[in-house]
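Some notes on the structure that comes next.
Protein chains: 2
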Amino acid sequence: MILTVTLNTALDITYRVRALRPHSTHRVSEVTERPGGKGLNVARVLAALGHEVTVTGFTGGATGRVVQDQLTATPGVMDALLPVTGPTRRTIAVVDEQTGDTTQLNEPGPTITSAEWSGFQTAYEDLLTSASAVALCGSLPPGVPVGAYAGLVRTARAAGVPVLLDTAGEALRRGVAARPDIIKPNADELAELTGSHEPLRATEDARRRGARAVIASLGREGLHAATPEGRWRATPPGHVHGNPTGAGDSAVAGLLSGLVEDLPWPDRLTRAVALSAATVRSATAGDFDREAYEKLLAQVSVTAA
Amino acid sequence: MILTVTLNTALDITYRVRALRPHSTHRVSEVTERPGGKGLNVARVLAALGHEVTVTGFTGGATGRVVQDQLTATPGVMDALLPVTGPTRRTIAVVDEQTGDTTQLNEPGPTITSAEWSGFQTAYEDLLTSASAVALCGSLPPGVPVGAYAGLVRTARAAGVPVLLDTAGEALRRGVAARPDIIKPNADELAELTGSHEPLRATEDARRRGARAVIASLGREGLHAATPEGRWRATPPGHVHGNPTGAGDSAVAGLLSGLVEDLPWPDRLTRAVALSAATVRSATAGDFDREAYEKLLAQVSVTAA
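As you go down the protein sequences, you meet chains B and A in turn. Here the first sequence is numbered in this note's numbering, starting from 8 and rising by one per residue. Here the second sequence is numbered in this note's numbering, starting from 8 and rising by one per residue.
The structure is reproduced here in structure tokens:
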């Protein structure tokens with residue numbers, strides 16, 4: 008199975024309101040809820056592609072139970088989240104129906120105790136014994152040390168399990184130094200890590216810092232890949248309209264599924280870009296449009312860079 | 008016991024953010040949650056005053072379970088909420104730390120089926136047999152007919168149980184016609200009902216429409232009462248600073264407790280104004296400051312109007 012780690016799981020709630028006006032009262036016309044946190048999004052896409060996936064990380068309180076109930080209802084996804092005392096966070100996206108813009112309110116997440124964190128590390132090591140690949144995804148909740156991902160990368164490497172890291176800031180900087188197989192920063196995350204906004208220079212710099220392969224997601228311009236096997240640029244056909252929520256997570260799912268199927272890099276990148284664009288096109292934020300995905304597979308262009 | 012009815016129970020969530028800016032992402036620095044809906048607030052204050060209270064209305068889904076867990080932890084409050092299929096609503100108050108202003112997002116609440124509504128009416132009639140008074144509080148969830156409160160007022164009167172109605176709009180208009188013992192509109196609700204912003208004229212008009220006693224809550228100016236026993240004005244000492252959330256619900260609790268203790272109107276009004284002001288002064292929105300309450304009891308002025 009593929010293992011995805013989401014230390015700061017969430018319940019993603021979307022509210023639709025007519026027009027958001029600070030300091031007034033709004034009637035929410037529509038409420039939708041889904042399990043969130045990057046690793047859970049990645050798992051959902053992998054499961055839809057036919058892979059067996061196990062999700063781990065933390066879950067707590069009433070919100071954690073809702074997340075777990077919804078995960079249990081997702082075919083192909085195994086729940087190996089660890090219970091903690093603090094409550095799983097909610098994120099609220101308030102969609103303004105007049106402008107289409109979104110205002111985001113993110114709870115901080117539960118404070119993880121040192122006992123909970125060490126319990127997780129043990130459970131993670133156990134799960135790695137049956138994993139073909141692992142993805143470490145998203146932000147760290149309060150209480151988890153900033154070097155957490157570096158440790159989890161090392162454990163995966165010691166277990167011989169390929170590891171993809173998708174995070175930001177200091178957690179990314181430290182994680183990269185532990186030599187993950189793949190990182191998938193977006194343009195801002197890559198610039199923060201390397202100090203460069205130029206993809207060629209920045210991806211090579213990130214490789215020198217320790218990442219074996221660097222797959223930079225550049226929004227509508229697709230992916231820029233720097234790997235030991237070569238450099239590529241993978242781009243979707245024309246501009247893709249829609250909601251970019253979850254597009255990066257779908258790209259991670261594409262890269263992981265190509266990795267465990269041992270596809271060459273250009274095929275992995277094609278899959279990642281097609282899934283990403285099919286996610287932007289989907290009517291539901293974070294889901295991918297399967298028909299669009301199948302079509303896009305033939306339309307993505309991959310060129311040596 | 009005193010019975011309070013909250014057809015549209017809620018989980019009231021408060022978020023603190025540094026500054027609310029539409030169309031950007033916010034980290035919530037503090038999350039607090041408490042059971043909400045006017046009738047639950049009234050019950051909490053009555054219990055704190057030493058009364059036995061039973062709460063009824065609807066509860067559903069994961070949010071409903073959180074509301075019930077927190078109610079169960081409140082001494083003196085008996086939970087007689089009826090389970091429904093739809094989820095209990097959340098309300099989110101986003102407090103801007105820079106300005107102190109609040110932006111409110113209210114979910115609509117579960118859609119109540121006609122079977123659920125008729126189940127409630129039966130349960131309500133049973134609960135009335137052991138009630139010394141009943142308060143009907145707040146908005147109606149989707150699916151409940153707009154004449155709902157009128158029916159519940161009639162059932163209480165048939166059972167010989169004094170009934171207080173605290174709602175707004177068409178539900179109030181129809182409820183008043185069913186001749187409740189007390190209504191407690193605020194200035195806006197009273198003006199919407201009667202077309203008049205002048206308390207003397209408006210309260211008398213509301214009595215002509217069917218309410219036996221009309222207690223108008225006029226914010227910092229206190230209460231204006233029009234009853235068969237006389238007319239009074241009850242005012243707090245000077246301007247009370249703080250958060251007015253729940254002040255109206257505390258006034259309802261004061262009126263009800265005075266009713267079941269058979270106090271004369273001036274004493275009921277004194278209690279209602281003191282509780283209301285002590286709620287504004289409390290550090291926690293919706294709670295009352297007991298020490299302030301005891302002091303205020305001696306400071307409220309009641310004059311014939």
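Where a beta carbon is used, it is the ideal one built from N, C-alpha and C, also for glycine. Remember, predicted model here, so these are calculated numbers, not experimental data.
Under 9 Å by beta carbon: chain A residues contacting residue i
| i | result |
| --- | --- |
| Arg-227(B) | Ordered by position in chain A, no residue passes the 9 Å Cβ test against Arg-227(B), which lies about 20 Å from the chain. |
| Ile-222(B) | Residues of chain A passing the Cβ test: none, with the nearest at roughly 24 Å. |
Reference residue i, options the options, closest by Cα
| i | options | result |
| --- | --- | --- |
| Val-84(A) | Lys-45(A), Glu-132(A), Arg-97(A), Leu-10(A) | Leu-10(A) |
| Ala-166(A) | Gly-176(A), Tyr-156(A), Val-38(A), Glu-132(A) | Glu-132(A) |
| Phe-65(A) | Pro-273(A), Ala-218(A), Asn-15(A), Val-38(A) | Asn-15(A) |
| Glu-40(B) | Pro-187(B), Thr-21(B), Ala-55(B) | Thr-21(B) |
| Arg-25(A) | Thr-98(A), Val-102(A), Leu-53(A) | Val-102(A) |
| Ser-257(B) | Glu-268(B), Arg-164(B), Leu-276(B) | Leu-276(B) |
| Arg-216(B) | Ser-224(B), Ala-233(B), Asp-269(B), Gly-255(B) | Ala-233(B) |
| Leu-56(B) | Leu-262(B), Thr-79(B), Ile-222(B) | Leu-262(B) |
| Arg-186(B) | Leu-207(B), Val-221(B), Leu-197(B) | Val-221(B) |
| Ala-100(B) | Ile-119(B), Gly-43(B), Val-74(B), Glu-196(B) | Gly-43(B) |
| Leu-172(A) | Leu-134(A), Ala-223(A), Ser-203(A) | Ala-223(A) |
| Thr-252(B) | Glu-301(B), Pro-117(B), Arg-240(B), Asp-294(B) | Asp-294(B) |
| Arg-227(A) | Gly-255(A), Ser-203(A), Glu-205(A) | Gly-255(A) |
| Ser-146(A) | Gln-128(A), Leu-266(A), Pro-117(A) | Pro-117(A) |
| Thr-79(B) | Asp-108(B), Ala-54(B), Thr-98(B), Pro-94(B) | Ala-54(B) |
| Pro-206(A) | Leu-230(A), Arg-161(A), Leu-112(A) | Leu-230(A) |
| Thr-13(A) | Gln-77(A), Pro-169(A), Pro-148(A), Pro-94(A) | Pro-148(A) |
| Ser-283(A) | Glu-114(A), Val-309(A), Val-259(A), Pro-271(A) | Val-259(A) |
| Gly-67(B) | Val-74(B), Pro-82(B), Pro-94(B) | Pro-94(B) |
| Val-52(A) | Gln-128(A), Arg-297(A), Arg-214(A) | Arg-297(A) |
| Arg-161(B) | Gln-128(B), His-204(B), Glu-177(B) | Gln-128(B) |
| Ala-17(B) | Asp-108(B), Leu-134(B), Cys-144(B) | Cys-144(B) |
| Leu-134(A) | Ser-203(A), Val-168(A), Glu-301(A), Thr-201(A) | Val-168(A) |
| Glu-104(B) | Arg-238(B), Pro-273(B), Arg-23(B), Gly-202(B) | Arg-23(B) |
Contacts that residue i makes with chain B (C-beta to C-beta distance below 8 Å)
| i | result |
| --- | --- |
| Gln-111(A) | Ser-31, Thr-32, His-33 |
| Asp-108(A) | Pro-29, His-30 |
Proximal residues of chain B, C-beta to C-beta of residue i below 7 Å
| i | result |
| --- | --- |
| Pro-115(A) | Arg-34, Val-35 |
Interface residues of chain A facing residue i [CB-CB closer than 8 Å]
| i | result |
| --- | --- |
| Val-102(B) | The contacting residues do not exist; Val-102(B) stays about 10 Å from chain A at best. |
Contacts of residue i in chain B (Cβ-Cβ under 9 Å)
| i | result |
| --- | --- |
| Val-24(A) | Leu-112 |
| Ile-190(A) | What Ile-190(A) touches in chain B: nothing, since even the nearest Cβ is about 22 Å away. |
| Ile-9(A) | In chain order: nothing, as chain B lies at least about 29 Å away. |
Closer than 7 Å at the beta carbon, the chain A residues around residue i
| i | result |
| --- | --- |
| Ile-119(B) | Those do not exist, as Ile-119(B) stays about 16 Å from chain A at its closest Cβ, beyond 7 Å. |
| Val-38(B) | Glu-114 |
Within-7 Å CB hit, residue i to chain E
| i | result |
| --- | --- |
| Gly-64(A) | Of the chains in the structure shown, none is chain E; the protein chains are B and A. |
Give me the subset of the region 249-262 of chain B whose CB atoms are less than 9 Å from a CB atom of chain A, sorted by chain position. none
Jot down the residue ranges of each uninterrupted alpha helix (DSSP H) in the region 184-254 of chain B, minimum 4 residues, whole runs only, in chain order. 194-201, 206-215
contact_flag[the region 78-93 of chain A, the region 25-34 of chain B] where n(CB pairs < 8 Å) is 3 or more: no
If you pair each beta-carbon of the region 126-146 of chain B with each one of the region 51-68 of chain A, do three or more pairs fall below 8 Å? no
Below 8 Å, how does it come out for the region 282-296 of chain B and the region 16-29 of chain A: are there three or more Cβ pairs, yes or no? no
Can you give, in chain order, each stretch of the beta strand (DSSP E) that sits fully within the region 139-176 of chain B and has at least 3 residues? 140-144, 170-173
Count Cβ pairs between the region 190-204 of chain B and the region 37-50 of chain B that sit closer than 8 Å; are there 3 or more? no
Check whether the region 170-181 of chain A and the region 243-254 of chain A touch, using three or more Cβ-Cβ pairs below 8 Å as the test. no
With 9 Å as the C-beta to C-beta threshold (strictly closer), list the residues of the region 59-88 of chain A near chain B in chain order. Gly-68, Ala-69, Thr-70, Arg-72, Val-73, Asp-76
Length at least 3, wholly inside the region 24-89 of chain B: the beta strand (DSSP E) runs in chain order: 32-34, 37-43, 60-66
Residues of the region 125-153 of chain B whose Cβ lies closer than 7 Å to any Cβ of chain A, in chain order: none
At a cut of 8 Å, does the region 111-131 of chain B reach the region 145-164 of chain B through at least three beta carbon pairs? yes
Could you tell me which uninterrupted alpha helix (DSSP H) segments, each at least 4 residues in length, are contained entirely in the region 96-141 of chain A, listed from first to last along the chain? 121-135
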